[in-house]
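A.B. asks: In full-length UniProt numbering, the protein residues as written are 1 to 326.
We put the CB at the ideal spot given by N, CA and C, even for glycine.
All values derive from a computational prediction rather than experimental measurement.
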Amino acid sequence: MTQPTSVNMTFDTSLVDLNPNSSFSTTESDPSDIGASTTKTPTMKQSTPPQTIQSNLTPLPTESSAPVQIIKTQEAYDQWASVYDSDGNMLQAIDDIELSSSHLLSDFFDRVQMKAAAGTVLLLDLGCGTGRNTAKLLDLAMQVDRSHTLLGLDFSAHMLSAAAKKLQPCNVGPKRIRLRLESCNCFPTADNPSEDPVPFVVRCIPEPIHGVISTLVLEHVPLKAFFATLSALLQHGGFALVTNMHPDMGASSQAGFVNKDGVKIRGSSFVHTVEDTVKEARSAGFHVLETREREMKMEDVESGAVGERGRKWIGTKVWFGLVLVK
1 MTQPTSVNMT
11 FDTSLVDLNP
21 NSSFSTTESD
31 PSDIGASTTK
41 TPTMKQSTPP
51 QTIQSNLTPL
61 PTESSAPVQI
71 IKTQEAYDQW
81 ASVYDSDGNM
91 LQAIDDIELS
101 SSHLLSDFFD
111 RVQMKAAAGT
121 VLLLDLGCGT
131 GRNTAKLLDL
141 AMQVDRSHTL
151 LGLDFSAHML
161 SAAAKKLQPC
171 NVGPKRIRLR
181 LESCNCFPTA
191 DNPSEDPVPF
201 VVRCIPEPIH
211 GVISTLVLEH
221 VPLKAFFATL
231 SALLQHGGFA
241 LVTNMHPDMG
251 ASSQAGFVNK
261 DGVKIRGSSF
271 VHTVEDTVKE
281 ARSAGFHVLE
291 TREREMKMED
301 VESGAVGERG
311 RKWIGTKVWF
321 GLVLVK
């Protein structure tokens, strides 16, 4: 597995602009992404070898071009892990606003509490990354007098290492709360449709899973594989909360960052429309309780809730979320 590199600059909202004619305003030193757009069949493990793409386009006088390297998504996140929480990611900021300030996560948590039978509640963060939202779930669990087990899964060992450091203080919390972080292939059928859709590390857990969150992960996974795993994980009557980049943003951007050598690193991504996502969720046996779409607002930037790099997205839908029940 590739060791993480030191990163000192990130893309606007940590997203790569795919439209070579669009303005890219991450920093004054690299305000554009002049590079060829590539479409790949996204899986959690790509077999395509790393490649560097140089653009033949002539940049505007104030813009600078840079090579784009397409690597396995897992490797990209391994490299990204060291700065993932501190690079001013605009989409994470919007996700935080919707999950916390708009009470989407706490409402989801309350639904799970009311539905789960007596005993320990089992919650899973699918694609937990550095534990940004695992920490929010832990905070909610500490506020109720009930036993909880929280399981965080991710395919990047380096992201999980960052999560372990972040969540370490929770180990001294109430004994009724247990936390477990595991590295695995979260979506087995993305590589092989005949595989068991349940991640290997979960197959030995006898308890039913009452609730699953998966935030800003769907961009990297085929819809069918994503919902096959989500449905297989949840017990009947269990709840899921899914958030993702909005297709209006995804049409011209994708997850990525600039490494220490000035190379723009991206893994595999693809655009899921809200309609297609809802359709696949229903096909997988889910009832859609709520659908939210969120555009970037002037007040998001002016209030400081989102960094200045979010300004170019004002008026654009950048995020959507679903609350589901199986």
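Residue 367: buried (16+ other C-beta within 10 angstroms of its C-beta) or exposed?
C.D. replies: A query on residue 367 cannot be resolved here, the shown segment of the chain reaching from 1 to 326 and no further.
A.B. asks: When DSSP labels each residue in this structure, what does D261 get in the three-state scheme?
C.D. replies: Looking at D261 - three-state DSSP - the assignment turns out to be coil, as it is neither helix nor strand.
A.B. asks: On the premise that A228 lies in contact with A284, defined as a C-beta separation below 8 Å, what is that separation, rounded to the nearest angstrom?
C.D. replies: Rounded, the Cβ-Cβ distance is 7 Å, consistent with contact.
A.B. asks: Taking only the alpha-carbon atoms, compute the straight-line gap between L234 and G304 and give it to the nearest angstrom.
C.D. replies: Whole-angstrom Cα-Cα distance: 37 Å.
A.B. asks: Take S183 and list the residues in its own chain whose beta-carbon comes closer than 6 Å to its own, dropping the five residues that flank it on each side.
C.D. replies: Excluding residues within five positions, the ones whose Cβ falls inside 6 Å are A157, L160.
A.B. asks: Please name the residue, chosen from K165, G119, N244, that lies closest to L322 on a Cα-to-Cα basis.
C.D. replies: Closest option to L322, Cα to Cα, is N244.
A.B. asks: In angstroms, rounded to a whole number, what distance separates the CA positions of V201 and M298?
C.D. replies: Rounded to whole angstroms, V201 to M298 spans 43 Å at the Cα level.
A.B. asks: Would the beta-carbon of V306 fall within 8 Å of that of M90?
C.D. replies: Their beta carbons are under 8 Å apart, which means V306 touches M90 by this criterion.
A.B. asks: Going by DSSP, what residue range makes up the alpha helix (DSSP H) through Q74?
C.D. replies: Unbroken alpha helix (DSSP H) run through Q74: 73–80.
A.B. asks: Does the segment 76–86 come into contact with the segment 120–130, if we say contact requires no fewer than three beta-carbon pairs (one atom in each stretch) closer than 8 Å?
C.D. replies: Yes: the two stretches touch, three or more of their Cβ pairs being nearer than 8 Å.
A.B. asks: Rounded to whole angstroms, what is the Cα-Cα separation between R176 and S101?
C.D. replies: Going from the Cα of R176 to the Cα of S101 covers about 27 Å.
A.B. asks: Jot down the residue ranges of each uninterrupted beta strand (DSSP E) in the segment 115–196, minimum 3 residues, whole runs only, in chain order.
C.D. replies: You should have 121–126, 148–154, 177–183.
A.B. asks: From this set, I97, A240, L124, which residue's C-alpha is nearest E207's C-alpha?
C.D. replies: Out of I97, A240, L124, L124 has the C-alpha closest to the C-alpha of E207.
A.B. asks: How many angstroms separate the CA atom of M114 from the CA atom of G262?
C.D. replies: Straight-line Cα distance between these residues: approximately 50 Å.
A.B. asks: From D110 to N259, what does the alpha carbon distance come to, in whole angstroms?
C.D. replies: Each residue's Cα considered, the two are about 40 Å apart.
A.B. asks: Given this structure, state the Cα-to-Cα distance separating G211 from A116, to the nearest angstrom.
C.D. replies: Whole-angstrom Cα-Cα distance: 9 Å.
A.B. asks: Can you look up E290 in the DSSP assignment and give me helix, strand or coil?
C.D. replies: Of the three classes helix, strand and coil, the one that applies to E290 here is strand, per DSSP.
A.B. asks: Provide the residue span of the alpha helix (DSSP H) that contains F226, from first to last.
C.D. replies: First-last of the alpha helix (DSSP H) with F226: 223–233.
A.B. asks: Just to check, is the beta-carbon of T149 closer than 7 Å to a non-hydrogen atom of the ligand ADP?
C.D. replies: Within the structure as shown, the ligand ADP is missing, as the structure has no ligands at all.
A.B. asks: With a Cβ-Cβ cutoff of 8 Å, do V325 and F286 count as a contact?
C.D. replies: In this structure, F286 lies closer than 8 Å to V325 by Cβ.
A.B. asks: Using a Cβ-Cβ cut-off of 6 Å (strictly less than) and excluding sequence neighbours within five positions of S231, which residues of its own chain qualify?
C.D. replies: Cβ within range, chain order: A284, G285.
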